[in-house]
Amino acid sequence: MSTPLLEIKNLHVRVEDNEILKGVNLTLNRGEVHAIMGRNGSGKSTLSYVLAGKDDYEVTEGEILFNGEDLLAMEPDERAAAGVFLAFQYPIEIPGVSTMTFLKAAINGQRKARGEAELTTPEFMKAVKDAAGLLEIKQDMLKRPLNVGFSGGEKKRAEILQMALLQPQLCILDETDSGLDIDALKVVSEGVNKLRSADRSMLVITHYQRLLNYIVPDLVHVFSAGRVVETGDKSLALELEAKGYADFDETNAA
Amino acid sequence: MHVQTPVRLSAAEESLVAQLESAGAKDAAERLRVVGLPTRRVETYHYTDLKTLLSAVPPLAAPANEASAPAIDIPGAYRIVIANGVVQSATTAPAGVIIGKAAGSVLTTRDDVIVRLNAALVGESLNVELAGSVDPVIHIDRRMEGEGAHVQSGAKIHVASGASATIIETISGSDAAHIGNAGSYVSVGDGAEVTHILVDLSARQAVNFATVEYRIAAEVKLKSVVINAGAHLARVNIFADFVGEGAHGDFFGLNVVDTDEHRDITLDVTHGVPNTTSAELYKQIARGRGRAVFQGKINVAMDAQKTDAKMMTQGLMLSDEAEILTKPELEIFADDVVCGHGATCGDLDDTHLFYLMSRGISRQEAETILIRAFLAEITDAVEDEYVSEALSGIVERWLKKDA
């Protein structure tokens, strides 16, 4: 069998004095979409930040292999160039940086790191136009400073636009459904679905089953108190929705 | 009887006293002999102790011709050169522009050593009269040429009622230990719209002092931009007086400092009449062991009701040894006004850096993007495309330079 795209082995992570992740094990094969569900504070977002390489998280035990390589040894920009993409739960507003400038720096930064030629301006403009069309994003939005004055829905769409442009191998969607109304949810989900492919994997983090009606996962993992307590097919999400998380907490305690 | 004991003069002070005497400025010489250069005990020079910082004074400048290309070349601008204090002959003035000369300094008498030196030592000043809609940008190109010299210069700019104009003044010159002292007096007539920019680009070996006075009449729209990007020791005094109702002033400024540079912008805005508004935004960026100083004072006179003034200063520290010193002050005597000030200072934002890096942008490039964004608010404030580009160019050069 080929090397999985992502292997998380016995991952323990602490923030200051609190242990947030307590032995996470998870294997994601190429082309698969896995959902991670869990209540607030169960460590879902911590996992996404650790994968993307944010500071302030101390890995005390375990490892993460990306394409068989040690992901934790890489800087955030190296991870991005290697194919990791995190769609932020709360995309960051950066005044004074135009969205287009940012997109171009990102796409060419990654290409440079991989030893590929940078995109010319016309090539870049076309790529942005194609990706924007996919997500019903107006050109006007791209002229504004990065995420500044964007509505909640616009921010999430902008994240998926970046994902479409950067063509990552691993997409981590951190509560992409939060703050979206039902119409925006559809647009974003359709955008994500168009990016599903045999050589791209996704980790979809959410606490509602609703998103998974649109982005249908191959596997669902239930997170509780910093580890995966149950793994099943998409019906597990429905079961969770019906029963709530309490039953799974007991499993965890047992 | 109170007898003031003369201070012990430094070598720099002795030289300045001798230069004032040689120019026949007995009162100014005597004053300097008695009180010396301001130290940290003088409130307005608290962070810029000239007695300590000014170690030597070169001889008074001899006349010189402009010897090099302009520090920044603005396409289509009408350029007038003042070399070592002497106004050079310019090409035929465009429509609405009258160029002349006048004897002596252009500055109002003030209790400030930089103003006193300029008042006593300036031989001749440039006189610029602007009327109507002045099309080309007016570029006053002040040079310090040749060997290290103590260079005094002056320019009076009068913008007629209803006129509109963009004026940029640059200070630059040969790579020598000059001391510059540039005085500008900008008088803006009723209803005029003016952008006035002062950029210090003098050599790092040099010291530069500058004073800008604005007289703002009724219904004026003024934009002032000051950029300190030259000289290892620089101090700019800005005095702005609102003297007519209904006027608005936007005041922008930028100190960029590196290594052991010390650059100071000190602003003093007076709302002297009712119904005037102003917005002040001053930014400072420091790396190496650089020190940046901003002092901003807004005065609102007793009958200046309905004044609206908002001052903001932001500092960006790029090294542990850099210093950013900020002192905002409001002095309000009217009771129906809206005035406020804010100050922030810090490092680049970690969440911003992480967001950019998580998209594949290297740390170094992410930092450059964020610094550029911080500074863009100042350089983008100027509407004229070529001037704005020139100001961005100054910032870019600074960014590319090794700290």
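If you're matching them up, the sequences are chains A and B in order. Residue numbering for the first sequence follows UniProt numbering, starting at 1 and increasing by one per position. Residue numbering for the second sequence follows UniProt numbering, starting at 1 and increasing by one per position. Every residue gets a Cβ at the ideal spot worked out from N, C-alpha and C, and that includes glycine.
Within the segment 94-122 of chain A, I94, P95, G96, V97, T101, F102, A105, A106, I107, G109, Q110, A113 place their CB atoms closer than 8 Å to a CB of chain B, listed in sequence order. Only exposed fits M302(B), as fewer than 16 other CB atoms lie within 10 angstroms of its CB.
Considering only beta carbons, the part of the segment 351-364 of chain B lying closer than 8 Å to chain A consists of T351, H352, F354, Y355, L356, M357, S358, R359, G360, I361, S362, R363, in chain order.
With a cutoff of 8 Å on beta-carbon distance, D174(A) and F66(A) are scored as not near each other.
DSSP lists V151(B), N208(B) as the beta-bridge partner residues of G180(B).
Under the three-pair Cβ rule at 8 Å, the segment 342-356 of chain B counts as touching the segment 303-318 of chain B. Under the Cβ distance rule, I394(B) does not count among the residues neighbouring chain A, no pair being separated by less than 8 Å. By the beta-carbon neighbour count (other beta carbons within 10 angstroms, threshold 16), A376(B) is buried. No Cβ of chain B is located within less than 8 Å of the beta carbon of D181(A).
Cβ-Cβ separation between R287(B) and S319(B): approximately 5 Å, consistent with a contact (criterion under 8 Å). In the three-state reduction of the DSSP assignment, H196(B) falls in the strand class, which pools E and B. Per the Cβ contact rule, the segment 143-152 of chain B is in contact with the segment 166-182 of chain B (3 or more Cβ pairs under 8 Å).
If you look at K186(A), you'll find it isn't in any beta strand (DSSP E); it sits in the alpha helix (DSSP H) that goes 182-194. Around the beta carbon of S89(B), fewer than 16 other beta carbons lie within 10 angstroms, which makes this residue exposed.
In the three-state DSSP reduction, R116(B) falls in the helix class (H, G or I). Chain A places a beta carbon closer than 8 Å to that of I369(B), counting this residue as a contact. Nearest in C-alpha terms to V86(B), of all of T379(B), V186(B), N127(B), is N127(B).
Contacts with chain B at 8 Å (Cβ-Cβ) include D55(A).
For chain A, the residues of the segment 377-392 of chain B that bring a beta carbon within less than 8 Å of one of its beta carbons are E377, in chain order.
Exposed is the label assigned to F333(B), since fewer than 16 other Cβ atoms lie within 10 Å of its Cβ. Think of a sphere of 7 Å around the beta carbon of F374(B): the chain A residues whose beta carbon falls inside it are G96, in chain order. In this structure, DSSP gives M37(A) an extended state, which the three-state scheme calls strand.
The beta carbons of A25(B) and A120(B) sit about 3 Å from each other, so the pair counts as a contact at 8 Å.
Here L212(A) really is in contact with A237(A); their C-beta atoms are around 5 Å apart, less than 8 Å. Listed in chain order, the alpha helix (DSSP H) elements of length 4 or more contained wholly in the segment 7-57 of chain B are 11-22, 26-35, 50-53. In the structure shown, L107(B) adopts coil according to DSSP, grouped into three states.
Using a Cβ-Cβ cut-off of 8 Å, Q162(A) counts as an interface residue toward chain B, since at least one Cβ of chain B sits closer than that to its own. Here V256(B) is buried, its C-beta having at least 16 other C-beta atoms within 10 Å. Among the residues of chain B, those whose CB is under 9 Å from the CB of D77(A) are L356, M357, S358, R359, G360, I361, S362, R363, E365, A366, following chain order. Within its own chain, the residues whose Cβ lies closer than 6 Å to the Cβ of H271(B), once the five positions on either side in sequence are excluded, are F242, V300, A304, T307, listed in chain order. Following the DSSP letters along the chain, one finds A292(B) in no alpha helix (DSSP H) but inside the beta strand (DSSP E) bounded by residues 291-300. Put simply, the backbone Cα of S161(B) is about 5 Å away from that of D190(B). Exposure of M125(A) is indicated by the presence of fewer than 16 other C-beta atoms within 10 angstroms of its C-beta. Here T92(B) is exposed: its Cβ has fewer than 16 other Cβ atoms, across all protein chains shown, within 10 Å. A105(A) is classed as buried because its beta carbon has at least 16 other beta carbons within 10 Å across all chains shown. DSSP, read as helix, strand or coil, puts D250(B) in strand.
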